[in-house]
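*Asks:* Below: one structure in structure tokens.
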Ligand SMILES: [Zn+2]
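Below you can see the structure in the form of structure tokens.
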């Protein structure tokens, strides 16, 4: 399964390298008041796609990343154990950029060639009590059409 997320640091501010620092556990917590909230938070993601479509990989897809947290999907808990995490630079409630969809789609097309992926979900789908990303402005139809993956991989979003 692939889990789509959104993140920006500070939230809603784009273009810095703070997210990369955060995923590398190198965030300077004094750089912004919000970062104090993240002091005890360890997060990693397999991939991160910036606003301009730039793709950065942090974790091998053959290893587990820590992106999902407490989560469940179809009665299976701990989604980190069976998913690839992709973070989009963004904020729930905000739209995403065209180049981000392009990069995401080609990445996911490639991933389905190598791994037996059957589901594309949002973080909000597997941890609905805690998480709202990637949010309602994420265009699942555009993503599905450009990656060319079957509609049945996308929950019942298009019914
Ligand atoms: Zn998330």
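Numbering (the working numbering), first residue to last: 1167 to 1325.
Ideal Cβ positions, reconstructed from N, Cα and C, are used throughout, including at glycine.
In this text the structure is predicted, and so the values were computed from the model without any measurement.
Note down the Cα distance separating residue 1305 from residue 1247, rounded to an integer number of angstroms.
*Replies:* The count along the chain shown starts at 1 and reaches residue 1305 at position 139. The count along the chain shown starts at 1 and reaches residue 1247 at position 81. Taking the straight line from one Cα to the other gives about 26 Å.
*Asks:* Just curious, the alpha helix (DSSP H) that residue 1277 is in, first and last residue?
*Replies:* For the purposes of this step, residue 1277 is taken as residue 111 along the chain shown, with counting starting at 1. That run of the alpha helix (DSSP H) goes 1264-1280.
*Asks:* Report all residues from its chain with a CB closer than 6 Å to the CB of residue 1286; omit the five preceding and five following residues, and keep chain order.
*Replies:* To locate residue 1286, count along the chain shown from 1; it is residue 120. The residues are 1168, 1319 and 1320.
*Asks:* For a test of your reading of the model: does the CB of residue 1299 fall under 8 Å from any non-hydrogen atom of ligand 1? Yes or no.
*Replies:* The sequence position of residue 1299 within the chain shown is 133, counting from 1. The answer is yes for residue 1299.
*Asks:* Answer yes or no: the CB of residue 1253 versus the heavy atoms of ligand 1, is any distance below 8 Å?
*Replies:* What you label residue 1253 is simply residue 87 of the chain shown in a count that begins at 1. True, at least one ligand heavy atom lies under 8 Å from that Cβ.
*Asks:* Can you list, in chain order, the residues of its chain whose CB lies under 7 Å from that of residue 1257, leaving out five sequence neighbours each side?
*Replies:* Counting from one through the chain shown, the residue named residue 1257 turns up at place 91. Only 1172, 1174, 1177 and 1178 meet the Cβ criterion.
*Asks:* Mapping DSSP to helix, strand and coil, what is residue 1304?
*Replies:* Start at 1 with the first residue of the chain shown, and residue 1304 comes out as number 138. Here residue 1304 sits in coil by DSSP.
*Asks:* Would you check if there are 3 or more beta carbon pairs closer than 8 Å linking the region 1233-1242 to the region 1259-1274?
*Replies:* No: fewer than three Cβ pairs fall under 8 Å.
*Asks:* First and last residue of the alpha helix (DSSP H) that includes residue 1290?
*Replies:* Stepping through the chain shown from its first residue, residue 1290 is reached at position 124. Unbroken alpha helix (DSSP H) run through residue 1290: 1289-1292.
*Asks:* Can you tell me whether residue 1191 is buried or exposed? The criterion is at least 16 other CB atoms within 10 Å of its CB, across all chains shown.
*Replies:* For the purposes of this step, residue 1191 is taken as residue 25 along the chain shown, with counting starting at 1. So residue 1191 counts as exposed.
*Asks:* For residue 1311, which three-state DSSP category applies?
*Replies:* For the purposes of this step, residue 1311 is identified with residue 145 of the chain shown, where counting begins at 1. It is helical.
*Asks:* Cβ of residue 1266 within 9 Å of Cβ of residue 1323?
*Replies:* Residue numbering aside, residue 1266 sits at position 100 when the chain shown is read from its first letter. Residue numbering aside, residue 1323 sits at position 157 when the chain shown is read from its first letter. No. Outside cutoff.
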